[in-house]
Structures are given as C-alpha cells and as structure tokens.
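From first to last, the protein sequence lines are chains A and B. Oh and the first sequence: position 208 is 207 in numbering that gives the first Met the number 0, straight run, nothing missing. Oh and the second sequence: position 292 is 291 in numbering that gives the first Met the number 0, straight run, nothing missing.
There are 2 protein chains.
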Amino acid sequence: MRPPDLSTRQLRAFLALAEQRNFTRAAQHSHLSQPAFSALIRTLEDSLGARLFDRDTRSVQLTPEGQLFEASARRLLDDAGQALQDLADHVALRKGRVRVAALPSLAAGWLPGVFAEYLAASPGIRVDLRDALSDACIAMVRGGEVDFALAATGAEPSAQGDLRSRRLCADGFHLVCRADHPLVREKRLTARKLAPWPFVQMARNSSVRQALDAALHPLRLNTQFEVEHLATVTGLVEAGLGISVVPALTLFHFRRDGVVTRPLPLPGLRRQLYLVQRREGSLSVAAQSLADLIVARLGELMVG
Amino acid sequence: MRPPDLSTRQLRAFLALAEQRNFTRAAQHSHLSQPAFSALIRTLEDSLGARLFDRDTRSVQLTPEGQLFEASARRLLDDAGQALQDLADHVALRKGRVRVAALPSLAAGWLPGVFAEYLAASPGIRVDLRDALSDACIAMVRGGEVDFALAATGAEPSAQGDLRSRRLCADGFHLVCRADHPLVREKRLTARKLAPWPFVQMARNSSVRQALDAALHPLRLNTQFEVEHLATVTGLVEAGLGISVVPALTLFHFRRDGVVTRPLPLPGLRRQLYLVQRREGSLSVAAQSLADLIVARLGELMVG
DNA sequence: GCGCTTTACGCTGCGCGTAAGTATC
DNA sequence: GATACTTACGCGCAGCGTAAAGCGC
C-alpha cells in the first residue's frame, strides 16, 4: 500500500489518453471498451492520489499534475521497453558476451573455425578467448574470469566441488618427424622404437606432456629439447633436430612439406579434453549456445 | 503481446527473490503465499521470455540473464518510486510553483501577507509574483505566463471566451489629503465638493483611475498631477500639493502623520477585483490552494 | 437532442491460499 | 526423511463488455 503499484499497461493507457484527449479513441487504441478504459484511468488516478485529467463531456485534458506525470510516464515506459528489449536481445543472441579459456593447441587450431561459425550466426555477440594451459584455464573458470574452459583436467573428471566438467573427446596422439626419418618406414610403431631418437618435449605443465608422461611411464625418452610452444616443436622437427608426439588436434602445426605425421595407437595415450564450468550457476544463453556448438562440432570431428 | 506488460509488483517480487535467494522468505517478504509467489515469478519469466533464476531444491540464484535484468529492475523501480513521490509531493504541497500576477496596489500591500501565510504552511512551494496593471496581468494569464491574476477587469466579468473570472471584492474608495486640509472638516463628502481642489490622478490605464473616471463622469476634477505610482501620490499629498481618492486596499500607503483618509461612499465608486484564470485547464494543486487562501482572506477582510 | 463519459451489472478468468506432490540432499 | 519448490484445485474478486444513465453543449 505504501508504494502504489504501477504497470506499463496503466502508463500506456495514460499516455494514449494524454495524446488522444478523448476516452473513446484512446480506448480503442488500447483495445479496450470505453468503460473499461475509463475505469483503468480512474484506478490509476486513485492509486496515484491525484487527478490527472480534467474531463468535461466536451473536452479531456491533462491537469497540471497530469502534465508533470506525463514526462515521468514517457521516461518510465521508454526505460522499461529498453530493459525488455535488451533482455530479449540477449536471449535471441543479438547481444551478449562470452568469455572462453582454452588450451593453446585448441585456441590456435580447431577453435577459431567454430568461433567463426558462431559469430557468423550471431554477429552481435562478442567472444573473448584466453589461451592458457589447463591449470590456468581452470583457475579462470573458478575465478569467474571466463564462462567456461576447454581444458585437459588430468585428475578429477567432474567432482572438483565447485566445478562441473563434461568430457568432450579423447584426443589420440601422433608421431611427427621428418619425411626422411627412419621411423617413417617402420611398419608398427611402439613406444620402445621411439625412445632412442632425439625427442622434442613440451613443457612439463602442458597437457600434451602430462598425457605423454602418464602413458609412457616408466619408459624414458631421449629428451633433447623442452619447449613451451608447439610452433617451436614444428621448427625443431622440420630442421631434423628431433621427433615428437602430439595430439591429433594439434596436427595442423605440422602440415608442411618434409614433415610427416603418423597415428600412434599406444594404450592409454590419449589426451582427455573437457568442457569445464562452475557448478553453481548456469551459462548465459550466449555462452550455452557456443558451448553447445563446440560440443556438436567436436562430436562430428571425432566421428569423422 | 508485442510489448510485454510489466508491473512494479513483479519487479519488487523479482528483486526480493534476487536478494533472499529463497522463495519462502521472499514470498513472506512480499506478503504472499509461497506458491502464489512462485507463480508470480514464473509469470514474469514467461512474459519476459527468459529464465531469470536457476532453482534447484537446495539453492536459488540468478541466471546471467537474471543478473542483467536485476540492474534494469532496480533502476526502473527507483525511477517509478521517484515519479510517484514527486507527484505525491506536488499534491501534498511539499513541492510546486505558483505564478501570480497582481495589480501593483495588491502586490505591494495586501498580498505579501497572504503569501507569507501560504509559504509558512507550504515552505516547499515557490511563488512567483508579477506586479502589473490589469491589462498586462490578464495578458499574462492568457499567455500562460502566470497561473492566475488578481486584477480589475473593467469590462466582461466572466465571459472573455478563453478566460474565467471570479469576483473577489468591491474595493471602496477613500479620500486622502493633509490633516490640515479644509475637506477634513467636511461633514458629508460629495464628488462636487472634491472637484475644485488640486487633484493627484493615477495614470489613465490604472484600475484606480478607470474606476474613478467611470463613477464621477461627467464631473471633471481639477487634475494637477498624473502619476504612475501610488507612492508618488503619497508624496504629493503629504507635501500639500493636492488631494486624491484611492481604493481601500491601497490605504497602507497613506498611514502617516499629517495625512488623513476618509471613506468616500459615492454610488458606483468601487473598484471590482477579480481572480482571473484560463477557462480551459484547472489550476495546479498548489495554485488552487493559494487561490483559495486569497479568496478566504479577502472574504474575511471585506466582512471585518 | 447529441456526443461523450460515467454508472450499473452480470460474467469470465486471473491470481490467491490450502493442500498434496516431487525432487534433492 | 527433511526441506523447499512445484502442481492441483477450489474460490473470491478484479476487470472486462454490454447496456443504461448522467451531463454539457
């Protein structure tokens, strides 16, 4: 009672009457019978505690208080419409912002194509991409810096308390070496056969390295280099300074003359990729739709 | 359907739930049963076309779209409250502005006391006073520069087409002269007895002069001076340079030693004072209440 | 008397509360 | 099994439309 209720419906009726200055016309403009419209205005006046219109049979016009309220009513109605439109735009993917963290290998290779498809369909959405190693990706999810992450959570699959993970795919590994390398002619590749050759490793905190170490343990490789970026691996391999083993989704780095890739079907040698989000709270419509697209496209990729 | 309806009630419920994050508490905060409150939120979500809350049995929290809408909702509700409060303030005379035009004689003498009383009761109201001769006063009413005027419309009392006039009082006239003037000893004053003496006239377009001319016609006075301001009349009379005849409401100018005033009950010699406003459109609450006070106080004055 | 607003009066349906249902921990 | 949201359901009343009645010109 202390705060009188007010609805956009009342405001629209009020403004219609203020413009038409005629109950009958304003009523049909509002899709109401004239008596119903009259009652609506009366109710509004009562709840405001002020006469808004001077009506005598021949003319209807705003009182001074009505004029005062007219300005407020227009502004309120505009603002309400704006708020509704803004929300609708977000729901309809005409506006919005999605923040994604992804492993560098995904961020550089596979993900941009999906982003391009997504942005072509929803050009009003802004997408922020942070490329970082798994742990940093997950920290960003936890800290609310990103909506979700594409990472390789080595440990707990989906029970990290405040996180929720969904397994996307298991990325198989491939040998990469020069075309003139003896291993190319090897019929059947095994870990043991790789071990003697000079090897280019990724840094120890990379998901590639961790998957590799876990699968080959306790076998020791002949590590000659340990680098941060896959592009560096490419350079070293191409120069014939070593061989390496990398996940399928990173092979785009190695599609060049003189370099060969071969599937390496060793047991347990897969990099598990997960989509990670906070447990509490859902994704925004925009984030969810991007996540859905990622899942769908990655599904196709794995099948094909 | 195209513009969904929205009410302050819905916004309050939404914000209550956003704060409490618990349907039961938010419901009793809104003085509703929990199921009714639940339905209210559901209706809001449906009409907005967006899920605003993620609810599972154990926790209720805003979706990203809900967070977006929360900011809008707060602003909308604040603005609506502001508009309502502003209107209520005007109705309750805590805010407002009244513009009055009045004859100089009223503006200088009687009116300020009424204004003081009015402003003491309604300190939030601002009152603008324009002092002008009758015609100018009425022109200001017509032009919307003032809410109403206190003037002496010689001609049409209440049928000026776009104007509405209300007769306030008939201001009787008084002789003013020096205490040592022979007329002071006159038992019974008549127009003829005044005629020989040097006379101080007001300007021809003043209401005082017009009432005087109309009542005395065709008698001619011995006009020695013709001045614009009553204060000048006072000076001339006090110096013994002439006598004059002025309305009762201006006598405050002549309350000084050596000057005497005497009622002059000539037939037809009255200045009619009117409260003039536009025909169309009512006065604001503030203007109406000031007008009412003026009428009331002037009524008492005439009775007393 | 005409035009427009208000009043009168059934009626539908929205929205409430009570009570039972269901899911999650 | 306790807790909290949802569904089910009957009911009252706000709000609608139709029809009749004021009320200024």
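Just so you know, even glycine gets a beta-carbon here, dropped at the ideal spot from N, CA and C. Here the structure is a predicted model, which means the values were calculated and not measured.
Point to revise | Ala101(A) in three-state terms, based on DSSP | key: In the three-state scheme derived from DSSP, where H, G and I count as helix and E and B as strand, Ala101(A) is classed as strand.
Check your understanding: Where does Gly108(A) fall in DSSP's three states?
Key -> coil
Exercise for review: Check the Cβ of Val284(A) against every Cβ in chain B and list those closer than 7 Å, keeping chain order.
Suggested key: Glu64
Point to revise | CB contact below 8 Å: His89(B) versus chain A | key: yes
Exercise for review: Would you mind telling me which residues of chain A sit closer than 7 Å to Pro3(B), beta carbon to beta carbon, in chain order?
Suggested key: By Cβ distance, chain A contributes Leu83.
Exercise for review: Quick one: list the residues of chain A neighbouring Arg74(B), beta-carbon separation under 9 Å, in chain order.
Suggested key: Going along chain A in sequence order, the residues near Arg74(B) (Cβ under 9 Å) are Asp78, Ala82.
Point to revise | Any C-beta of chain B under 8 Å from that of Gly308(A) | key: With chain A running from 0 to 303 in the structure shown, residue 308(A) is simply not present.
Review point. Can you list, in chain order, the stretches of the alpha helix (DSSP H) that have 4 or more residues and sit fully within the segment 144-203 of chain A?
Key: 190-193
Exercise for review: Out of Arg93(B), Ser29(B), Ile137(B), Asp4(B), point me to the one whose CA is closest to Leu14(B)'s CA.
Suggested key: Ser29(B)
Exercise for review: For Leu218(A), count neighbouring Cβ atoms within 10 angstroms of its own Cβ and tell me buried if that reaches 16, exposed if not.
Suggested key: Classified as exposed, Leu218(A) has fewer than 16 neighbouring CB atoms from the shown chains inside 10 Å of its CB.
Exercise for review: Indicate whether Ser243(B) and Leu132(B) have their beta-carbon atoms separated by less than 8 Å.
Suggested key: no
Review point. Are there 16 or more other CB atoms within 10 angstroms of the CB of Gly306(A), so buried, or fewer, so exposed?
Key: Coverage of chain A is limited to positions 0 through 303, which leaves residue 306(A) absent and any answer about it impossible.
Check your understanding: Would a C-beta distance cut-off of 8 Å place Leu272(B) and Leu162(B) closer than the cut-off?
Key -> no
Practice item. Give a yes or no on whether the C-beta atoms belonging to Phe52(B) and Val59(B) are separated by under 8 Å. Key: Yes. Within cutoff.
Review point. The segment 31-49 of chain A: which residues have C-beta closer than 8 Å to a C-beta of chain B, in chain order?
Key: Within the segment 31-49 of chain A, Leu47, Gly48, Ala49 place their CB atoms closer than 8 Å to a CB of chain B, listed in sequence order.
Check your understanding: If you measure beta-carbon to beta-carbon, which residues of the segment 123-138 of chain A are closer than 7 Å to chain B?
Key -> none
Check your understanding: With a CB to CB cut of under 7 Å and the five nearest residues on each side skipped, what residues in its chain are close to Val113(B)?
Key -> Leu292, Ile293, Arg296
Check your understanding: Does the beta carbon of Ala290(B) come closer than 8 Å to any beta carbon on chain A?
Key -> no
**Study point:** Asp130(A), DSSP secondary structure in three states
**Key:** strand
**Study point:** Length of the line joining the Cα atoms of Ala38(B) and Ser32(B)
**Key:** 10 Å
Check your understanding: Under a CB-based cut-off of 8 Å, is Leu300(A) close to chain B?
Key -> no
Check your understanding: Exposed or buried, Gln84(B), counting other C-beta atoms within 10 Å across all chains shown (16 or more means buried)?
Key -> By the 10 Å Cβ count, Gln84(B) comes out exposed.
Exercise for review: Name the two residues that bound the continuous beta strand (DSSP E) containing Phe52(A).
Suggested key: First-last of the beta strand (DSSP E) with Phe52(A): 52-55.
Check your understanding: Where Ala238(B) and Glu185(B) are concerned, what is the direct C-alpha to C-alpha distance, given to the nearest angstrom?
Key -> 21 Å
Review point. Roughly how many angstroms separate the alpha carbons of Pro195(A) and Gly108(A), rounded to a whole number?
Key: 30 Å
Review point. Does the segment 248-256 of chain B come close enough to the segment 144-153 of chain B to have 3 or more Cβ pairs within less than 8 Å?
Key: With the cut-off at 8 Å, the segment 248-256 of chain B and the segment 144-153 of chain B do not touch.
Review point. Mind pulling the chain A residues with CB within less than 8 Å of Arg296(B)?
Key: Close partners of Arg296(B) in chain A (Cβ separation under 8 Å) are lacking, with about 23 Å as the shortest Cβ gap.
Review point. For Ser281(A), which of helix, strand or coil comes out of DSSP?
Key: coil
Check your understanding: Between Ser157(B) and Arg165(B), what straight-line distance do the alpha-carbon atoms span, to the nearest angstrom?
Key -> Residue confidence for Ser157(B) is low, a pLDDT of 48 falling below 50, so the modelled location carries little weight; the figure read from the coordinates is stated next. A direct Cα-Cα distance of roughly 7 Å separates Ser157(B) from Arg165(B).
Check your understanding: Between Ser6(A) and Asp4(B), is the Cβ-Cβ spacing less than 8 Å?
Key -> yes
Check your understanding: For Ala169(A), which of Leu274(A), Phe22(A), Ala115(A), Leu75(A) has the nearest alpha-carbon?
Key -> Leu274(A)
Review point. How is Arg219(B) classed by DSSP in three states: helix, strand or coil?
Key: coil
Check your understanding: Could one say the Cβ of Gln60(A) lies closer than 8 Å to chain B's Cβ atoms, at least one of them?
Key -> Cβ-Cβ to chain B under 8 Å: yes for Gln60(A).
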